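Heads up, the thing below is written out as structure tokens.
Numbering (our numbering), first residue to last: 1 to 64.
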């Protein structure tokens with residue numbers, strides 16, 4: 001998954017403003033205690049980060 005696609009999925013699911021806030025401020029246990037931005041900067045695959053977000057926020061399977 002490209003990073004641009006990841007950001008598009010985030011914005012579609014949460015709205016642009018909330019998606020940016022979640023990426024910056026929310027710490028995910030699924031990402032080893034990192035935020036989305038920290039995980040991506042650390043080299044995590046965007047698909048894995050998206051899956052972690054989906055699990056944490058119970059995104060329906062059809063939108064994953």
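Where a beta carbon is used, it is the ideal one built from N, C-alpha and C, also for glycine. Since this is a predicted model, take the numbers as computed values, not measurements.
Beta-carbon contacts of residue i that lie in its chain and below 7 angstroms, excluding the five residues immediately before and after
| i | result |
| --- | --- |
| residue 47 | 1 |
| residue 24 | 35 and 37 |
Boundaries of the alpha helix (DSSP H) in which residue i is found, first to last residue
| i | result |
| --- | --- |
| residue 35 | Premise fails: residue 35 is in no alpha helix (DSSP H) and is neither H nor E. |
| residue 14 | 3–14 |
Per DSSP, cross-strand counterpart(s) of residue i
| i | result |
| --- | --- |
| residue 28 | 34 |
Buried/exposed call for residue i, threshold 16 Cβ in 10 Å
| i | result |
| --- | --- |
| residue 29 | exposed |
| residue 3 | exposed |
| residue 55 | exposed |
| residue 39 | buried |
| residue 52 | buried |
Own chain, CB closer than 8 angstroms to residue i, minus 5 neighbours either side, in chain order
| i | result |
| --- | --- |
| residue 19 | 7, 10, 11 and 13 |
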